[in-house]
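Okay, so the sequence shown: first residue is 165 according to the working numbering, each after it adds one.
Note sheet for the following structure.
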Amino acid sequence: MTDTREYRDDIVFYGSLVAGGELSRDAAVAQLVEVSAHRISEREARQAIDTWQGYLPTPTFPTARRALLARLFTRRTTNTKGTTRR
Numbered sequence: 165m166t167d168t169r170e171y172r173d174d175i176v177f178y179g180s181l182v183a184g185g186e187l188s189r190d191a192a193v194a195q196l197v198e199v200s201a202h203r204i205s206e207r208e209a210r211q212a213i214d215t216w217q218g219y220l221p222t223p224t225f226p227t228a229r230r231a232l233l234a235r236l237f238t239r240r241t242t243n244t245k246g247t248t249r250r
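In structure tokens, the structure reads:
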């Protein structure tokens, strides 16, 4: 099986065109095979076009992550219910 990560941008491009109805699936598969210089087989291209959203880059949210970690690892300042000790 070919490593399709190097063609991620092409897969997302053609997959989004198919999802938007601007290009037929068969035409997108043929163009993806052509763009990859036949390094991707037709079967792999069909699968990649069908699962194109999995190739989208994951967004990073450093401020949200920092806030989540701060909430998780902040020491409690109030006593838990029914106790007098910390």
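Virtual Cβ for every residue (Gly too), placed ideally from N, Cα, C.
Note that the structure is predicted; figures quoted are calculated from it, not measured.
Buried versus exposed, by CB contacts within 10 Å (16 or more), residue i
i, result
"A192", "buried"
"T227", "exposed"
8 Å contact criterion, which residue i and residue j should meet: CB distance rounded
i, j, result
"Q195", "Y178", "6 Å"
"D167", "V199", "In fact, because the Cβ distance is near 15 Å, the residues do not count as touching under 8 Å."
"A212", "V197", "Going by Cβ atoms, the distance from A212 to V197 rounds to 10 Å, so no, they are not a contact pair."
Whole-angstrom distance between residue j and residue i, CA atom to CA atom
i, j, result
"L181", "T222", "20 Å"
"H202", "Y171", "12 Å"
"R189", "R169", "20 Å"
"T215", "R229", "27 Å"
"G185", "V176", "14 Å"
"L232", "R207", "42 Å"
"S205", "L236", "47 Å"
Q: Any chance you could list the alpha helix (DSSP H) runs of at least 4 consecutive residues sitting entirely within the stretch 168-213, in chain order?
A: 172-183 and 189-199
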